[in-house]
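Notes follow once the structure below has been shown.
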Amino acid sequence: MKIVTVMTIFILLMTTYTFAENEPSFVQKIPSQSWFFNYPSGVAVDSAGNIYVADTSNHRIQKLNAEGTPVATWGSLGSGDGQLNSPMGVAVDSGGNIYVADTNNHRIQKLNAEGTLVATWGSSGSGNGQFSYPRGVAVDSAGNIYVADTSNHRIQKLNAEGIYVATWGSYGSANGQFSSPIGVAVDSGGNIYVADSNNHRIQKLNAEGTPVATWGSSGSGNGQF
Numbered sequence: 008m009k010i011v012t013v014m015t016i017f018i019l020l021m022t023t024y025t026f027a028e029n030e031p032s033f034v035q036k037i038p039s040q041s042w043f044f045n046y047p048s049g050v051a052v053d054s055a056g057n058i059y060v061a062d063t064s065n066h067r068i069q070k071l072n073a074e075g076t077p078v079a080t081w082g083s084l085g086s087g088d089g090q091l092n093s094p095m096g097v098a099v100d101s102g103g104n105i106y107v108a109d110t111n112n113h114r115i116q117k118l119n120a121e122g123t124l125v126a127t128w129g130s131s132g133s134g135n136g137q138f139s140y141p142r143g144v145a146v147d148s149a150g151n152i153y154v155a156d157t158s159n160h161r162i163q164k165l166n167a168e169g170i171y172v173a174t175w176g177s178y179g180s181a182n183g184q185f186s187s188p189i190g191v192a193v194d195s196g197g198n199i200y201v202a203d204s205n206n207h208r209i210q211k212l213n214a215e216g217t218p219v220a221t222w223g224s225s226g227s228g229n230g231q232f
């Protein structure tokens with residue numbers, strides 16, 4: 008009986024050792040939990056292919072290289088300089104500067120390529136240069152900043168120094184009006200594209216903010232949103 012028991016233990020130990028020595032690749036490749044995401048809401052890519060993620064419920068920005076390998080993390084929950092509260096939008100300019108829609112802090116933060124805070128713009132409100140839960144941000148080739156000022160139902164433009172330039176939109180469903188816009192992008196010609204969330208459509212504005220086109224309607228068909 009003792010011989011059988013000893014042999015059983017020996018076999019179990021050898022099996023465990025063999026499994027550890029030949030660990031399946033899926034076990035080896037599970038990343039550290041510190042690199043997981045929690046409701047990521049925004050993503051941007053720089054000219055080198057690096058990926059920037061607004062890791063919303065972790066209250067931080069994560070940077071991955073072009074292969075998806077984690078490189079850096081910036082931010083923590085709070086309202087101090089460089090801290091974030093549910094960031095939902097991120098953009099990056101040609102110099103590698105990072106712009107964050109710091110949603111629940113009602114502001115835009117600019118970081119340099121190393122993640123050091125450069126500037127903070129905005130506060131809670133509906134005045135020029137103020138924001139209410141901004142969820143999207145974009146930057147053009149001249150460094151102008153475009154903000155999807157979600158709960159104010161508008162797009163705001165700031166210059167490269169963060170000084171207020173213009174506002175487009177108001178609450179509604181007509182052309183040039185918005186209902187909770189949550190995303191914004193700008194092309195090389197300065198045209199602005201808005202994810203007009205609660206109107207289930209995309210709107211295109213020219214560089215002066217004049218409506219040019221509207222695409223989409225509520226639904227699940229091709230071209231509907």
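In our numbering, the protein residues as written are 8 to 232. The beta carbon of each residue, even a glycine, is placed where N, CA and C say it ideally should be.
Per-residue DSSP class, three states only, for residue i
i       : result
Ser-64  : helix
Thr-157 : helix
Thr-110 : helix
Thr-217 : coil
Ser-131 : strand
Pro-94  : coil
Thr-80  : strand
Tyr-46  : coil
Ala-145 : strand
Thr-123 : coil
Tyr-59  : strand
Contact set for residue i: own chain, Cβ-Cβ below 6 angstroms, skip 5 residues either direction
i      : result
Asn-45 : Ser-64 and Asn-65
Thr-80 : Arg-67 and Gln-69
C-alpha distance - residue i paired with residue j, whole-angstrom precision
i       : j       : result
Ala-173 : Arg-114 : 16 angstroms
Gln-94  : Gly-87  : The displayed chain sequence assigns Pro, not Gln, to residue 94. Each residue's Cα considered, the two are about 14 angstroms apart.
Ser-186 : Ser-224 : 13 angstroms
Asp-162 : Leu-124 : The question names Asp, yet the displayed sequence has Ile at residue 162. Near 24 angstroms, if we compare the C-alpha coordinates of Leu-124 and Ile-162.
Asn-135 : Asn-112 : 16 angstroms
Asn-72  : Asp-100 : 16 angstroms
Glu-168 : Gly-228 : 42 angstroms
Tyr-178 : Pro-77  : 40 angstroms
Proximity test, Cβ basis, 7 angstroms: residue i and chain C
i      : result
Ala-79 : Looking at the structure shown, chain C is missing, and only one protein chain is on hand.
Contacts around residue i, its chain only, beta-carbon distance under 8 angstroms, and the 5 residues preceding and following it disregarded
i       : result
Asn-198 : Lys-211, Leu-212, Asn-213, Ala-214 and Val-219
Checklist entry - Just checking, does the stretch 184-204 make contact with the stretch 136-146 on the three C-beta pairs under 8 angstroms criterion? => result yes
Item to check | Minimum length 4: unbroken alpha helix (DSSP H) runs contained in the stretch 182-212 | outcome: none
Checklist entry - Using 8 angstroms as the Cβ pair cut-off and three pairs as the minimum, do the stretch 94-108 and the stretch 65-84 touch? => result yes
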